[in-house]
Amino acid sequence: PAAVKPALSNFTGDGLTASVAGVSQTFSIQVTDEYGNVASNDPFQPAPSFTMTFTAFSDGATKTATISSSVGSTFVASYLITASGVYQLSVTFGTANTAVSGFPVNCTVTPTVVSARTSAVTEILPSPVSAGDTISVKLESRDLYGNKLLSGGTNFTTELFQVLNLALNQQGVIMTD
């Protein structure tokens, strides 16, 4: 093979376009030469200096992927994102930030499973509630990282308890409503 041309490298794997919040994701990079031939990897040389940045469309927050391992001329990049949403993955090479062919691409990070700890009741109607009322409860399902689950469903059980409003009168006697 001719001289290594990282800007023409082949990137593959589901992690390029999809991920689940809080789950480590990977994709592969096969380094090629200027003619598209697979370049041999010298284990005594540093990994190619790719900069792989995920930028959230929602707020501009960024996360990076790093090269975590290699086998032959194939490098594995890994990343972990906890906020769901759509991200733009940009890849450049070297100190000159040379653009890599085929990028940017969009990557969708979906929420993980529902978490009772971060989900919350957002509305109880009517309010206040009187004895005999039929009530409506709205629950906002969120995952462990606080991401809203906008589709799918999870069965849950709820228990309602009567809560007494207690107050002390001036003589220290407990009074109830």
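Last residue of the sequence shown: 196 in the working numbering, with the numbers rising by one and none dropped.
Ideal placement from N, C-alpha and C gives every residue a C-beta, glycine not left out.
- When the beta-carbon positions are compared, S47 and T31 come within less than 8 Å of each other.
- A straight line joining the alpha-carbon of T114 with that of V23 spans about 16 Å.
- The C-beta distance from A58 to F112 rounds to 13 Å, too long to meet the 8 Å contact threshold.
- For G104, the CB contacts under 7 Å within the same chain, skipping 5 residues up- and downstream, are A75, F76, S77 and V128 in chain order.
- For P147, the number of other beta carbons within 10 angstroms of its own is below 16, and it is reported as exposed.
- When beta bridges are read from the DSSP output, K82 appears opposite F73.
- Assigned with DSSP and collapsed to three states, D33 falls in helix.
- With contacts defined as CB atoms closer than 8 Å, M71 and V124 fail to qualify as a contacting pair.
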